[in-house]
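Take 1 as the starting number for the sequence shown in the numbering used here and just add one per residue. Here a beta-carbon is modelled for each residue, glycine too, at the ideal position from N, C-alpha and C.
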Amino acid sequence: MAQTTTGTGTGAGAGLPRGFRSAEQGWPELHRIPHPPRRLPLLGDVLGADRRSPLQDSMRYARALGPVYRRRVFGKEFVFVWGARHAADLADESRFAKHVGLGVANLRPVAGDGLFTAYNHEPNWQLAHDVLAPGFSREAMAGYHVMMLDVAARLTGHWDRELAAGRTVDVPGDMTKLTLETIARTGFGHDFGSFERSRPHPFVTAMVGTLTYAQRLNTVPAPLAPYLLRAASRRNAADIDHLNRTVDELVRARRAGGGGGQGDLLDRMLETTHPETGERLSPQNVRRQVITFLVAGHETTSGALSFALHYLAQHPRIAERARAEVDRVWGDTASPGYEQVAKLRYVRRVLDESLRLWPTAPAFAREARHDTVLA
């Protein structure tokens with residue numbers, strides 16, 4: 001939850017991006033919520049903060065200040081809530097709604113009103129949700145299974161070749177290749193050829209550039225950003241242009257091939273109408289949704305897999321139990337079926353515990369629908 005107090009004009013939400021409803025409606029008194037000591041005028045709670053480890057900073061403050069505290073940075077006031085009990089409160093959809101925080105709002109030049117970055121009042125969120133939700137049903141996931149196996153085989157083949165050559169592998173980098181190829185193949189019928197490249201695909205480079213720029217915007221005062229980040233802003237514009245061109249080429253290739261018949265997410269975006277209104281996604285929104293899925297759909301997953309493999313490498317007995325389960329459930333099967341993967345209960349627990357220990361999406365922003373009390 002965030003309040004922005006800087007800006008021009010009048011009213012609680014003066015100078016804010018459209019959609020910051022909490023601040024537009026005004027905040028209650030915050031003086032009873034603790035904040036770190038040594039707050040500085042204009043700069044806020046920056047003394048002792050480490051830009052390289054913001055999550056660790058947040059956890060350290062929570063341990064010192066309690067489960068609800070606030071931080072101010074360059075005129076922006078953030079209220080942090082932690083702990084399972086309070087998080088359950090915030091997950092109550094009758095009392096709280098999704099909030100597009102500043103970090104996510106900084107990605108709107110990239111993804112616009114895509115599913116991840118859309119404001120609650122934007123109609124394309126509901127339209128895209130209703131059109132695309134069937135693409136994540138059990139039946140749809142089973143349909144993607146063969147393509148997922150093919151990408152996994154390319155990963156293991158790459159590792160076998162590197163082992164035979166006596167070379168080490170970059171596991172996080174390979175997880176990025178794995179998940180990008182998986183979402184590209186299953187969602188959009190596209191092959192980036194990641195495992196045949198010695199360097200990251202230009203799409204990945206541009207994606208990392210836009211994410212880095214969005215994060216940097218949070219570390220400088222908004223009025224100074226055009227001056228301090230002038231060169232970075234130009235690079236960001238070029239990165240966004242590359243993402244747009246890549247997706248536009250992907251869509252053109254599908255249309256040139258006659259479209260339809262794949263049964264994937266891109267087919268749904270291009271061909272499916274809303275079951276009640278008959279609306280279709282606009283070409284611009286199709287582009288935004290494809291970018292959203294390619295970026296958000298693979299980046300966090302690759303991080304989760306990387307941490308899981310890291311922990312397995314640190315705990316060989318756990319790794320042995322996971323390997324034994326795979327041998328027992330799959331047996332001599334060359335290509336496991338969808339149902340066999342679902343039976344890997346211990347492997348699933350390894351993934352869940354890795355996410356608990358080091359979540360790749362460690363926080364989410366919420367806004368109250370009306371006056372309410374936490375816990």
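**Item:** Proximal residues to Asn244 (C-beta, below 8 Å), its chain only, five neighbours per side dropped
**Value:** On the sequence shown, position 244 is the one that residue 244 refers to. The answer, listed in chain order, is Arg287 and Ile291.
*Touching by the beta-carbon criterion (3+ pairs, under 8 Å), the segment 263 to 273 and the segment 186 to 201*: Remark: three or more beta-carbon pairs, one from each stretch, lie closer than 8 Å, so the segment 263 to 273 and the segment 186 to 201 are flagged as touching.
Exercise. For Phe224, is the classification buried or exposed, using 16 other Cβ atoms within 10 angstroms of its Cβ as the cut-off for buried?
Worked result: As a first step, residue 224 must be located in the sequence shown, where it is residue number 224. Per the sequence shown, residue 224 should be read as Leu rather than Phe. Leu224 should be labelled exposed.
Item checked: Reference His391; option with closest CA among Glu77, Ser94 and Thr176 -> Nothing can be reported for residue 391, as the shown portion of the chain is limited to 1 through 375.
- Task: Rounded to whole angstroms, what's the CA-CA distance from Asp352 to His315? Just pull it up for me.
- Result: On the sequence shown, position 352 is the one that residue 352 refers to. On the sequence shown, position 315 is the one that residue 315 refers to. Rounded to whole angstroms, Asp352 to His315 spans 15 Å at the Cα level.
At which residues does the beta strand (DSSP E) containing Arg71 begin and terminate?
Your numbering for residue 71 matches position 71 in the sequence shown. Annotation for Arg71: the continuous beta strand (DSSP E) segment containing it runs Val68 to Val73.
Between the alpha carbons of His201 and His242, how many angstroms are there, rounded?
Within the sequence shown, residue 201 is the residue found at index 201, counting from 1. Within the sequence shown, residue 242 is the residue found at index 242, counting from 1. Between His201 and His242, the C-alpha separation is close to 12 Å.
Exercise. For Ala289, is the classification buried or exposed, using 16 other Cβ atoms within 10 angstroms of its Cβ as the cut-off for buried?
Worked result: Locating residue 289 in the sequence shown gives position 289, counting from the first residue. Going by the sequence as given, residue 289 is Gln instead of Ala. Its Cβ being crowded by 16 or more others within 10 Å, Gln289 is buried.
**Asked** For Ala2, which three-state DSSP category applies?
**Response** Residue numbering aside, residue 2 sits at position 2 when the sequence shown is read from its first letter. Bear in mind that a pLDDT of 42 at Ala2, under 50, signals an unreliable position, so the model cannot answer this.
| field | Backbone secondary structure at Arg317 - three-state DSSP | value | By 1-based counting over the sequence shown, the position of residue 317 is 317. Three-state DSSP puts Arg317 in a helix.
### Message
Rounded to whole angstroms, what is the Cα-Cα separation between Arg108 and Tyr119?
### Response
To locate residue 108, count along the sequence shown from 1; it is residue 108. To locate residue 119, count along the sequence shown from 1; it is residue 119. Approximately 10 Å, taken between the alpha carbons.
Exercise. Assess, as a yes-or-no matter, whether the segment 205 to 214 is touched by the segment 326 to 341 under the definition of 3 or more beta carbon pairs within less than 8 Å.
Key: no
Query raised in the report: Using DSSP with H/G/I as helix, E/B as strand and the rest coil, what is Val46?
Result: Here residue 46 refers to the residue found at position 46 of the sequence shown. Note: Val46 maps to coil in three-state DSSP.
In this structure, what does DSSP give as the bridge partners for Val81? In the sequence shown, counting from the first residue as 1, residue 81 sits at position 81. Val81 is bridged to Val68.
* Helix, strand or coil for Glu382 per DSSP? -> Any question about residue 382 goes unanswered here, given that the chain covers just 1 to 375.
State whether the segment 81 to 92 contacts the segment 59 to 72, with contact taken as three or more CB pairs (one from each stretch) at a distance under 8 Å.
Segments in contact, yes.
- Under three-state DSSP, which class holds Trp358? Residue mapping note: residue 358 aligns to position 358 of the sequence shown, counting from 1. Of the three classes helix, strand and coil, the one that applies to Trp358 here is coil, per DSSP.
Report task. Could you check the C-alpha separation between Ala111 and Arg254 for me, to the nearest Å? Result -> For this step, residue 111 is matched to residue 111 along the sequence shown. For this step, residue 254 is matched to residue 254 along the sequence shown. Straight-line Cα distance between these residues: approximately 21 Å.
Extent of the continuous alpha helix (DSSP H) to which Phe203 belongs: On the sequence shown, position 203 is the one that residue 203 refers to. Run containing Phe203: Pro202 to Leu217, per the alpha helix (DSSP H) assignment.
Exercise for review: Count the other CB atoms, across all protein chains shown, that sit within 10 Å of the CB of Val373; report buried if there are 16 or more and exposed otherwise.
Suggested key: Taking the sequence shown and counting its residues from 1, one reaches residue 373 at position 373. Val373 should be labelled exposed.
- Query: Rounded to a whole number of angstroms, what is the C-alpha to C-alpha distance between Leu344 and Val326?
  - Reply: Taking the first residue of the sequence shown as position 1, residue 344 is located at position 344. Taking the first residue of the sequence shown as position 1, residue 326 is located at position 326. Cα to Cα, the separation comes out at about 7 Å.
message = Using only the alpha-carbon positions, how far apart do Ala49 and Gln215 sit?
response = Counted from its first residue, the sequence shown places residue 49 at position 49. Counted from its first residue, the sequence shown places residue 215 at position 215. Going from the Cα of Ala49 to the Cα of Gln215 covers about 15 Å.
Can you tell which of Tyr213, Pro221 and Val73 has its C-alpha closest to the C-alpha of Arg235? The count along the sequence shown starts at 1 and reaches residue 235 at position 235. The alpha carbon of Arg235 has as its nearest neighbour, out of Tyr213, Pro221 and Val73, the alpha carbon of Tyr213.
- prompt: If you check the beta carbons only, do Val73 and Ile33 fall under 8 Å apart?
  reply: Locating residue 73 in the sequence shown gives position 73, counting from the first residue. Locating residue 33 in the sequence shown gives position 33, counting from the first residue. Their beta carbons are not under 8 Å apart, which means Val73 does not touch Ile33 by this criterion.
Problem set entry | 8 Å CB neighbourhood of Leu312 in its chain, flanking five on each side removed | Here residue 312 corresponds to residue number 312 of the sequence shown, with the count starting at 1. Closer than 8 Å at the Cβ level, and outside the excluded window around Leu312, lie Ile318, Ala319, Ala322 and Val350.
TODO: Measure the CB-CB distance between Pro362 and Leu55 and report whether it falls below 8 Å.
DONE: On the sequence shown, position 362 is the one that residue 362 refers to. On the sequence shown, position 55 is the one that residue 55 refers to. Cβ distance < 8 Å, so Pro362 and Leu55 count as in contact.
For Ala97, write down the residues that DSSP places opposite it in a beta bridge. Here residue 97 refers to the residue found at position 97 of the sequence shown. For Ala97, the beta-bridge partners assigned by DSSP are Glu367.
Could you pull out every residue in the same chain whose Cβ sits closer than 7 Å to the Cβ of Arg38, ignoring the five residues on either side in sequence? As a first step, residue 38 must be located in the sequence shown, where it is residue number 38. Cβ within range, chain order: Leu47.
| query | Whole-angstrom Cβ separation of Lys98 and Arg366, contact assumed at under 8 Å? | reply | Sequence index remark: in the sequence shown, residue 98 carries index 98 (1-based). Sequence index remark: in the sequence shown, residue 366 carries index 366 (1-based). Here Lys98 really is in contact with Arg366; their C-beta atoms are around 7 Å apart, less than 8 Å.
Where does Thr277 land, buried or exposed, given buried means 16+ other C-beta within 10 angstroms? For the purposes of this step, residue 277 is identified with residue 277 of the sequence shown, where counting begins at 1. Exposed, because fewer than 16 other Cβ atoms sit within 10 Å of the Cβ of Thr277.
Legend entry - Residues sharing a beta bridge with Leu40, DSSP: Sequence index remark: in the sequence shown, residue 40 carries index 40 (1-based). Bridge partners of Leu40: Gly44.
(Q) Using only the alpha-carbon positions, how far apart do Ala368 and Phe96 sit? (A) Start at 1 with the first residue of the sequence shown, and residue 368 comes out as number 368. Start at 1 with the first residue of the sequence shown, and residue 96 comes out as number 96. So the two alpha carbons sit approximately 4 Å from each other.
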